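Contents: one structure, followed by commentary.
In full-length UniProt numbering, the protein residues as written are 1 to 281.
Next comes the structure, spelled out in structure tokens:
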């Protein structure tokens with residue numbers, strides 16, 4: 001995970017390893033995870049944090065998004081059959097793609113700022129894949145060898161801009177609309193990402209609950225499909241889509257408001273908490 005020390009006025013980002021007791025052991029001071037992924041992309045073994053490295057209590061650090069400036073952040077739309085149904089959209093025959101950008105990324109607990117013009121702000125719990133090795137025209141059976149690990153993303157969406165204007169990028173790639181974290185779990189720790197429980201709670205009430213086995217297009221397929229025309233580089237992120245239960249699919253619709261808190265939990269990774277702040281006119 002990436003963090004800054006609260007007593008460091010420079011706000012320098014460092015890498016840490018989460019210990020079983022909840023403390024964070026320093027892995028590399030002043031180094032970002034993307035740099036480490038690039039260094040190990042040739043197949044070099046991931047180094048271990050030395051046992052003598054300093055430990056930090058959770059109260060002494062601020063968690064940051066695990067990847068702050070990916071070269072590419074590709075999202076998959078309508079990748080759970082029931083979510084397509086609640087969206088009144090056809091089940092896609094090929095993956096639906098859209099981008100978000102570095103300005104969309106915020107870390108655990110950071111504010112998601114809802115622009116004043118957005119009245120229909122929605123949540124989407126998603127499992128995200130972090131690419132570890134360059135992938136170009138990769139066969140499905142070889143795709144998982146290109147995965148570094150997994151994290152959690154909340155694909156926050158302005159439905160009024162996305163659907164009423166028909167512009168997915170304008171409604172999705174808004175500043176702060178891609179909370180990510182709390183960490184990246186390496187691929188060896190999650191042998192089967194296709195069988196993970198995933199849920200989202202809004203102000204403590206569970207609104208989404210599913211399992212990644214319900215994905216229409218699984219992770220190997222997505223990597224292979226994307227790499228046919230888009231070269232994936234170390235540190236790139238693929239967010240695999242959201243299960244049913246989003247706000248726009250409810251009666252009446254549930255929109256995110258000032259002061260709301262969401263908690264996205266994925267088995268084997270943890271919980272990503274986000275708070276929402278309404279921008280004033």
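In this text, a Cβ means the ideal position worked out from N, Cα and C, and glycines have one as well.
Being a predicted model, the structure only gives us computed values, none of them experimental.
### Task
Please list, in chain order, all residues of the same chain as residue 92 whose beta carbon is under 6 Å from its beta carbon, the five residues on each side excluded.
Sequence index remark: in the chain shown, residue 92 carries index 92 (1-based). Contacts found: 78.
#### Entry: Sheet register partners of residue 149 (DSSP bridge)
Counting from one through the chain shown, the residue named residue 149 turns up at place 149. Note: residue 149 sits in a beta bridge opposite 130 and 186.
### Query
So, using beta-carbon positions, are residue 187 and residue 149 closer together than 8 Å?
Taking the first residue of the chain shown as position 1, residue 187 is located at position 187. Taking the first residue of the chain shown as position 1, residue 149 is located at position 149. The beta carbons of residue 187 and residue 149 sit closer together than 8 Å.
### Query
Quick one: is residue 88 buried, meaning 16 or more other Cβ sit within 10 Å of its Cβ, or exposed?
What you label residue 88 is simply residue 88 of the chain shown in a count that begins at 1. Exposed, by the Cβ-count rule.
### residue 5 - containing beta strand (DSSP E), residue span
Here residue 5 corresponds to residue number 5 of the chain shown, with the count starting at 1. Run containing residue 5: 2-5, per the beta strand (DSSP E) assignment.
### Query
How would you label residue 105, buried or exposed, when you count the other beta carbons within 10 angstroms and need 16 or more for buried?
Indexing the chain shown from 1 puts residue 105 at position 105. Burial call: buried.
### Message
Please list the terminal residues of the continuous beta strand (DSSP E) segment that includes residue 308.
### Response
The structure shown does not extend to residue 308, since the chain spans only 1 to 281, so no value can be given for it.
#### Entry: residue 24 versus 66, 41, 193 and 56, residue with shortest Cα-Cα distance
Numbered from 1 along the chain shown, position 24 holds the residue referred to as residue 24. Residue 24 has its Cα closest to that of 56, out of 66, 41, 193 and 56.
### residue 139, enclosing alpha helix (DSSP H) - first and last residue
Indexing the chain shown from 1 puts residue 139 at position 139. First-last for residue 139: undefined, no H or E at that position.
### Query
Contact check, residue 58 vs residue 2 under 8 Å by CB: the rounded distance?
Translated into positions along the chain shown, residue 58 becomes position 58. Translated into positions along the chain shown, residue 2 becomes position 2. Rounded, the Cβ-Cβ distance is 14 Å, inconsistent with contact.
### Task
Have a look at the DSSP bridge pairing and note the partners of residue 51.
As a first step, residue 51 is located in the chain shown; it is residue number 51 there, counting from the start. DSSP lists no partner for residue 51.
### Query
Are the Cβ atoms of residue 264 and residue 271 separated by less than 8 Å?
If you number the chain shown from 1, residue 264 lands on position 264. If you number the chain shown from 1, residue 271 lands on position 271. In this structure, residue 271 lies closer than 8 Å to residue 264 by Cβ.
### Query
So what's residue 20 in DSSP terms, helix, strand or just coil?
As a working mapping, residue 20 is identified with position 20 in the chain shown. Correct three-state label for residue 20: coil.
#### Entry: Spatial distance of residue 26 from residue 97 (CA atoms)
Against the chain shown, residue 26 aligns to sequence position 26. Against the chain shown, residue 97 aligns to sequence position 97. Approximately 36 Å between the Cα atoms of the pair.
#### Entry: Collapsed DSSP secondary structure at residue 85 in the structure displayed
Along the chain shown, read from residue 1 onward, the residue named residue 85 stands at position 85. Of the three classes helix, strand and coil, the one that applies to residue 85 here is helix, per DSSP.
### Query
For residue 221, which of helix, strand or coil comes out of DSSP?
Taking the first residue of the chain shown as position 1, residue 221 is located at position 221. Helix.
### Task
Take the Cβ of residue 122 as the centre, count every other Cβ of all protein chains shown within 10 Å, and call the residue buried at 16 or more, exposed below.
On the chain shown, residue 122 is found 122 positions in, with the first residue counted as 1. It is buried - the Cβ of residue 122 has at least 16 other Cβ atoms within 10 Å.
### Query
Contact between the region 244-259 and the region 123-142: three or more CB pairs below 8 Å?
yes
### Query
Residue ranges of each alpha helix (DSSP H) run of no fewer than 4 residues wholly in the region 205-268, ordered along the chain?
219-227
### Query
What is the rounded straight-line gap between the Cα of residue 110 and the Cα of residue 16?
The sequence position of residue 110 within the chain shown is 110, counting from 1. The sequence position of residue 16 within the chain shown is 16, counting from 1. Answer to the nearest angstrom: the Cα atoms are 19 Å apart.
### Message
Count Cβ pairs between the region 130-149 and the region 219-234 that sit closer than 8 Å; are there 3 or more?
### Response
yes
#### Entry: Proximity winner among 100, 107, 141 and 159, relative to residue 119 (alpha-carbon distances)
Translated into the one-based positions of the chain shown, residue 119 becomes position 119. It is 159.
### Message
Using the Cβ count rule (16 or more neighbours within 10 Å means buried), how would you classify residue 251?
### Response
Within the chain shown, the letter at position 251 stands for residue 251. Label assigned to residue 251: exposed.
### Task
Tell me, please, which residues DSSP counts as bridged to residue 325.
The shown model of the chain, from 1 to 281, leaves out residue 325, and the question about it has no answer.
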